[in-house]
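K.L.:
One structure follows; several queries about it will come next.
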Amino acid sequence: MICFEFERKLSNSFMARLKLRRISRNVALFTMVILLYILYSSEEEKRIDPVQGMNEHEPRLRELLVDDFWVPEKAFIKLHGSGGPGEMGNPVITSSEDSDKRNEAYRNYGFNQYVSDKISLNRTIPDTRPKEAVFSYRMLLKWIVFCCMQVRELREE
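When you read off a place in the sequence shown, starting at 1, and then add 544, the result is the number in the numbering used here.
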């Protein structure tokens with residue numbers, strides 16, 4: 545009986561030591577990752593500006609923007625022009641002669657079908673999203689790198 549108690553105490557202290565070793569190793573790794581992140585994120589601002597330290601003989605690459613790519617809607621806007629009824633969320637103003645058509649369409653369909661037919665389907669509307677809803681690509685890249693490092697650590701264990 546004394547032998548079993550001794551083995552149990554020995555195994556408990558061994559498990560506690562393993563837990564302590566694992567915890568200290570994980571804390572050290574986490575601290576190193578945070579320090580590396582801080583170190584490289586502060587240097588990133590120096591590397592982002594392509595004009596500093598750039599050789600004047602090298603050709604400069606310009607940024608590609610979404611507006612630079614051709615889409616069929618741009619050709620439609622060039623053909624038909626912008627500034628039509630309902631453009632940028634502006635209200636459609638109807639004349640007093642159209643009031644009979646407007647009222648009849650409202651009775652038949654339950655909404656102002658006459659004005660709805662006048663509004664272009666390819667109109668532009670203002671962006672009403674708050675600034676917080678716009679997502680930064682650089683922030684996404686930092687999270688992906690951090691998650692990959694965590695997955696790699698989990699696989700090593």
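Glycine included, every Cβ here is placed at the ideal spot set by N, Cα and C.
Going along the chain, which residues of its own chain have a beta-carbon closer than 8 Å to the beta-carbon of Met632, five neighbours each way excluded?
P.N.:
By 1-based counting over the sequence shown, the position of residue 632 is 88. For Met632, where only same-chain residues beyond five positions count, the Cβ hits under 8 Å are Arg667, Thr668, Ile669, Pro670.
K.L.:
Since I believe Ser664 is in contact with Pro629 (beta carbons under 8 Å), could you give me their beta-carbon distance rounded to a whole number of angstroms?
P.N.:
Here the question's residue 629 lines up with position 85 in the sequence shown. Here the question's residue 664 lines up with position 120 in the sequence shown. The pair is a contact, with the Cβ atoms about 7 Å apart (cut-off 8 Å).
K.L.:
What's the C-alpha gap between Leu583 and Lys563?
P.N.:
Here the question's residue 583 lines up with position 39 in the sequence shown. Here the question's residue 563 lines up with position 19 in the sequence shown. Roughly 30 Å separates the two Cα atoms.
K.L.:
From Ser640 to Ala677, what distance separates their C-alpha atoms?
P.N.:
Position 96 of the sequence shown, counted from the start, is the residue given in the question as residue 640. Position 133 of the sequence shown, counted from the start, is the residue given in the question as residue 677. Cα to Cα, Ser640 sits roughly 42 Å from Ala677.
K.L.:
Please go through the same chain and pick out, in chain order, the residues whose beta-carbon is closer than 7 Å to the beta-carbon of Thr638, but skip the five residues on each side of it.
P.N.:
The sequence position of residue 638 within the sequence shown is 94, counting from 1. Excluding sequence neighbours, Thr638 sits near Arg646, Val659.
K.L.:
In the DSSP assignment, the alpha helix (DSSP H) including Arg646 goes from what residue to what residue?
P.N.:
Stepping through the sequence shown from its first residue, residue 646 is reached at position 102. Per DSSP, Arg646 belongs to the alpha helix (DSSP H) from 643-653.
K.L.:
Which same chain residues end up closer than 7 Å to Phe574 when comparing Cβ atoms and leaving out the 5 residues on each side of it in sequence?
P.N.:
By one-based count along the sequence shown, residue 574 stands at place 30. Nothing meets the Cβ criterion.
K.L.:
Rounded to whole angstroms, what's the CA-CA distance from Arg566 to Leu579? Just pull it up for me.
P.N.:
Here residue 566 is taken as the residue at index 22 of the sequence shown, counted from 1. Here residue 579 is taken as the residue at index 35 of the sequence shown, counted from 1. Cα to Cα, the separation comes out at about 20 Å.
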